[in-house]
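Positions 1 to 190 (full-length UniProt numbering) are the ones given, in order, by the sequence shown. For glycine and all other residues, C-beta sits at the position ideal for the given N, C-alpha and C. A quick note: this is a predicted structure, and the numbers were derived from the prediction, not measured.
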Amino acid sequence: MQTTPNDARTTEDVIDLLRAQHGRIRDLFDLVMRSEGEERKDAFHELVRLLAIHETAEEEIIHPAARRIPGGDGIVDDRLAEEREAKETLSDLENMDVDDPRFLKTLDALRIDVLTHARAEERYEFDRLKDEFSPAQLKGFAAAVRSAQATAPTHPHPGTESATKNMLVGPMAAVADRVRDMIRDARDKG
Ligand SMILES: [Fe+2]
Ligand SMILES: [Fe+2]
Numbered sequence: 001m002q003t004t005p006n007d008a009r010t011t012e013d014v015i016d017l018l019r020a021q022h023g024r025i026r027d028l029f030d031l032v033m034r035s036e037g038e039e040r041k042d043a044f045h046e047l048v049r050l051l052a053i054h055e056t057a058e059e060e061i062i063h064p065a066a067r068r069i070p071g072g073d074g075i076v077d078d079r080l081a082e083e084r085e086a087k088e089t090l091s092d093l094e095n096m097d098v099d100d101p102r103f104l105k106t107l108d109a110l111r112i113d114v115l116t117h118a119r120a121e122e123r124y125e126f127d128r129l130k131d132e133f134s135p136a137q138l139k140g141f142a143a144a145v146r147s148a149q150a151t152a153p154t155h156p157h158p159g160t161e162s163a164t165k166n167m168l169v170g171p172m173a174a175v176a177d178r179v180r181d182m183i184r185d186a187r188d189k190g
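This is the structure in C-alpha cells:
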C-alpha cells in the first residue's frame with residue numbers, strides 16, 4: 001500500500017480516490033489501536049463506515065472491470081473471498097467491547113489482512129484498469145463515491161437491546177445500499 005499525493009476529496013479519478021482511501025483506512029486502523037474508550041469507539045465506527053463505502057465501490061466498479069482482464073476471474077474471486085472474511089471479522093468485533101483485550105488482537109489481525117488485500121488490489125487490479133474506463137467514467141464514478149461518502153449514514157448507534165447485535169451490520173448495510181445506488185445512477189448516466 002502506498003500513500004499518494006492525491007486528495008480523496010478532490011481527485012477526479014475513481015481509481016486514485018480508492019487508492020487514497022487505502023491510505024486513510026491504514027491511518028484509521030492505527031488511530032483505533034492507539035486510542036481508547038470513546039475515542040477508540042468513534043475511530044472504529046469511522047473505520048467501519050469507510051470500509052463499507054470502499055468495499056462496496058470496489059464491488060460495483062473495480063471487480064467487474066477486473067474480470068475482463070486476462071486471468072481476471074481468479075484475481076477477483078480471491079479479492080472477494082478476502083472481503084467476505086473481513087466482513088465476518090468486523091461482525092465479530094462489533095460484539096466486543098472496544099477495551100476488551102480480544103478486541104485489539106482481533107483488530108490487529110484484521111488490519112494485516114485488510115492491508116494485504118489492499119496491496120493485492122493495487123497491484124493486480126488498480127494498476128491494470130486504467131484502459132478499461134473512459135476519463136468520463138473515472139470522473140463520474142469518483143463523483144458518485146464522494147457524494148455517497150458525504151450523504152451515507154454516519155453515526156451507527158445501538159438502539160434497543162435487541163438491536164445491539166446489529167449495531168454495525170445495520171448501518172453498514174445502509175451505507176452499502178447508498179453507495180450502490182449512487183454508483184448505479186452514475187453508470188446509467190454515463
Ligand atoms: Fe477491497
Ligand atoms: Fe480496496
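Residue i: first and last residue of the uninterrupted alpha helix (DSSP H) it sits in
i            : result
aspartate 99 : Segment: none, aspartate 99 is in no alpha helix (DSSP H) and carries neither H nor E.
proline 153  : From DSSP, proline 153 is part of no alpha helix (DSSP H); its letter is neither H nor E.
residue 195  : There is simply no residue 195 to check, as the chain begins at 1 and stops at 190 in what is shown.
aspartate 16 : 14-34
leucine 50   : 37-57
Whole-angstrom distance between residue j and residue i, CA atom to CA atom
i                 : j             : result
alanine 20        : glutamate 58  : 13 Å
histidine 157     : leucine 50    : In this prediction, histidine 157 has a pLDDT of 49, which is less than 50 and means its spatial position is unreliable; nothing more can be read from the coordinates.
glutamate 94      : arginine 79   : 23 Å
aspartate 77      : glutamate 39  : 36 Å
aspartate 73      : alanine 144   : 26 Å
residue 271       : glycine 71    : Because the chain in this structure spans residues 1 to 190, residue 271 falls outside the shown range and cannot be described.
methionine 182    : lysine 139    : 13 Å
glutamate 85      : aspartate 188 : 31 Å
valine 14         : alanine 148   : 13 Å
phenylalanine 133 : alanine 66    : 11 Å
residue 191       : glutamate 55  : The structure shown does not extend to residue 191, since the chain is modelled only from 1 to 190, so the question has no answer here.
arginine 128      : serine 91     : 32 Å
methionine 167    : histidine 45  : The predicted position of methionine 167 is uncertain, since its pLDDT is 47 and thus under 50; a value taken from the coordinates is nonetheless stated next. Taking the straight line joining both Cα atoms gives about 10 Å.
Contact test: residue i Cβ vs ligand 2 heavy atom, cutoff 7 Å
i            : result
leucine 129  : no
alanine 120  : no
leucine 17   : no
histidine 63 : no
histidine 45 : no
Distance cut-off 7 Å: residue i Cβ against heavy atoms of ligand 1
i             : result
arginine 79   : yes
glutamate 85  : no
glutamate 132 : no
histidine 117 : yes
glutamate 88  : no
glutamate 60  : no
Nearest-angstrom beta carbon gap, residue j and residue i [assumed within contact, 8 Å]
i             : j            : result
valine 32     : leucine 107  : 6 Å
threonine 151 : arginine 178 : 7 Å
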